[in-house]
Each structure stands twice: as C-alpha cells, then as structure tokens.
Amino acid sequence: MTDQIICHLKNSDHILITTHTNPDGDAIGSLIAMGLSLDKLNKKTTLYNESSIPAVYRFLPSVDRIVKNINPINTYDTAIILDCGDLQRIGTLSSIVQQIPVIINIDHHITNTRFGDLHLIDTSSCAATEIVYRLIKKMAIPINKAIATSIYTGILTDTGSFRFSNTNKAAFKICDEMVAIGVDPYKVAQHVYGTYSLSRIKLLNLALDSLEISYNGKLSMMTLTQKMLDETGTHPEDIDGLINYARIEDVKVAVLIQENSNGKVAPEDRKLFHVSLRSDGTVDVAAIAYFFGGGGHFSAAGFSIESTLSDLKHRIIQLSEIL
Ligand code: AMP
Ligand code: MN
Ligand code: MN
Numbered sequence: 349m350t351d352q353i354i355c356h357l358k359n360s361d362h363i364l365i366t367t368h369t370n371p372d373g374d375a376i377g378s379l380i381a382m383g384l385s386l387d388k389l390n391k392k393t394t395l396y397n398e399s400s401i402p403a404v405y406r407f408l409p410s411v412d413r414i415v416k417n418i419n420p421i422n423t424y425d426t427a428i429i430l431d432c433g434d435l436q437r438i439g440t441l442s443s444i445v446q447q448i449p450v451i452i453n454i455d456h457h458i459t460n461t462r463f464g465d466l467h468l469i470d471t472s473s474c475a476a477t478e479i480v481y482r483l484i485k486k487m488a489i490p491i492n493k494a495i496a497t498s499i500y501t502g503i504l505t506d507t508g509s510f511r512f513s514n515t516n517k518a519a520f521k522i523c524d525e526m527v528a529i530g531v532d533p534y535k536v537a538q539h540v541y542g543t544y545s546l547s548r549i550k551l552l553n554l555a556l557d558s559l560e561i562s563y564n565g566k567l568s569m570m571t572l573t574q575k576m577l578d579e580t581g582t583h584p585e586d587i588d589g590l591i592n593y594a595r596i597e598d599v600k601v602a603v604l605i606q607e608n609s610n611g612k613v614a615p616e617d618r619k620l621f622h623v624s625l626r627s628d629g630t631v632d633v634a635a636i637a638y639f640f641g642g643g644g645h646f647s648a649a650g651f652s653i654e655s656t657l658s659d660l661k662h663r664i665i666q667l668s669e670i671l
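In this note's numbering, the protein residues as written are 349 to 671.
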C-alpha cells in the first residue's frame, strides 16, 4: 500500500492534509511533517485543522500554515487524514472532505474504521508521526530540522515522554535520529511541558479538586466545566494532558469529563461533553469508548456525548463495576 500511496502522491496536484479536532502533539506534528515533506515534491497543499492550536505547540515550525478554512472542495484531488480513527474525527467538514476523489488514511488507532481509499494503518506504531516518518523515508525525502522537530514532538507527546504502553523501540530509534538531525530535546520539552500558563495551573487546581474515586477504588474521574474554564481564563485547547493527574495508584481507568465550549445547550440541561479515558494497561478503554460512539487505543481513548452532567457521571462511575 505504501508504494501505491507514494505513486498517487507523486501524481497529485492539490492535497488537503488534516487531522482530528482538538489536536494533540501527534496530530499537529504529523500534519506539519507531512506538509513540509510534500513541499519538497513541489505539491500544492492545504494544512487544515478545525480547532485552535494549543499554545504549547505554537513553537512548531510552519505552525501558521495550519488554517481553519479550506479552498473550494473541487480544487483538491487528494486528502490525507492523519491520526484519525474515523473520518468524523476531523470535525464539521468531514462530509465535504468525503467528496475529495482520493482519501489517504494514515493512522495508528485500533478502532480505525478503514475509511478512505488508500490506507497506511499500523496499530503497533507509537504515533501517527512514526508512520509519517516511514513514509517520508520511503519517498527518499531528506528530513530537515523542521520536519525532524515535528516528528520528534509527535512521538514525544503521544508516548507521554516515553512512559505510555505504546512506547516502542522505534520511538527511541526515530527520536535518536531526529536529535542527530538537530532537534534539541530540552528546547522541545521546555515548550511542551515548561510553558504552562498560570490559568492552566489554576485549572489544574480545580480539576484536582473535582476528583472522585469509585467505591472499589478502580476508577477515578475528574470533571472540567465550562465555568471552570471561564473562571480561570483557560482556552479549551490548552487542557491536553490534565487527565494524567487522574492516573492514581490502583486505579485501572482514569476519566476526564470536559464540557464542550461550543455554546450548544440541548433541552433539559443536556450538554456536549468530551470524555477522555486512560487505563493502567490492564483494561481496553478503546472498547469502552467505542461503546459510547468514540474510539482510540487500548490504553488511551475518548468519546463525545450529549448528556446531562449528572447522568454522564453516573454512567461512568457505574463502569467501575466491570473493572
Ligand atoms: P483524548 O481523550 O482526546 O485524550 O483522546 C485519547 C485517544 O482517543 C486519542 O488517541 C484520540 O484520537 C482518541 N479519541 C478521542 N476522542 C475520540 C472520539 N470521539 N472518537 C474516536 N476516537 C477518539
Ligand atoms: Mn491524536
Ligand atoms: Mn496519535
């Protein structure tokens, strides 16, 4: 399939490259690495993401090329969808993007639906950036410092700094090569982990305060409401990573409920929530997320749901009974 993808890319003219909403380091890293590499093939590209880029990733090279609008859909002959288990993950444009003649699906989620025409799906890859790295290598495109920084950041963040269960040999091997190309690990770490705003630290305080543990101690749950974001002045895109504070000794599944900020309020106090799930490696949270209409990986998954907060919390706490 890789050869077919390369052959197709070489014959493409105008390529839309996109990733999931509320992008993380892997989504943004793979988007930029892919875009900069296709520049070398003199391809016209649009780098698109529906959401704002979290402040901690705005240091990435060419990050300003990521736009929130696309050209008329009929001007694209190819779309590359990165780090998305299903096409809907790209957000409101998914049905329009579907009209692009050839869709290339590059991903590492176990719940990937195999959407699109050409697939590069490897669930054993630690990050979408690992797959993009291999594709760039196969295309014999030289990896410069800008591309290397994007790849390094994607792998660093998706593996939780080489701590999560998806950390594999390739993570170290590729990052070693990226450092040899000129990436400064300290500088990247400073941007990604060392530049948290005061508002985020205040939000962390509220998040920790919201912590609830199921009676059997196997499930932890934190809740972030829109009011908390407003009170602390935190942008919704800047809460990535807070769920890791709910990973507590003996807890098998950590949950973070985040009220969505799109202002849509359904009848009877129902609101839109994003729920992030992390497991200690003994529970398949992708299966739980899938049950609720989402997806992800064995140890990190998520879903979006419209509900009242109390109903949602009740349903989640109940999950502890099957753990
Ligand atoms: P998050 O909960 O946003 O931290 O995401 C954890 C993992 O689950 C990531 O790999 C996401 O791509 C995936 N994920 C999150 N939300 C969804 C969703 N609504 N549908 C499918 N996959 C999701
Ligand atoms: Mn991602
Ligand atoms: Mn990823």
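Glycine included, C-beta positions come from ideal geometry on N, C-alpha and C.
Ser568 places its beta carbon 8 Å or farther from that of Leu556. His362 sits in a strand when the DSSP states are folded into three classes. According to DSSP, residue pairing for Thr394 in a beta bridge involves Leu364. When beta bridges are read from the DSSP output, Thr571 appears opposite Ile605. When secondary structure is reduced to three states using DSSP, Ile499 falls in the helix class. A distance below 8 Å separates the beta carbons of Ile452 and Ile428. In the three-state reduction of the DSSP assignment, Gly373 falls in the helix class, which pools H, G and I. For Ile479, the enclosing alpha helix (DSSP H) covers residues Ala476 to Lys486.
When the beta-carbon positions are compared, Lys388 and Ile363 stay at least 8 Å from each other. Relative to ligand 1, even the nearest heavy atom lies 7 Å or more away from the CB of Asn390. Around the beta carbon of Tyr541, a 10 Å sphere encloses fewer than 16 other beta carbons of the protein chains shown; the residue is thus reported as exposed. Relative to ligand 1, the nearest heavy atom lies less than 7 Å away from the CB of Arg437. DSSP places Leu620 within a strand segment (E or B) once states are collapsed to three.
In the displayed model, Ser385 falls within a helix according to three-state DSSP.
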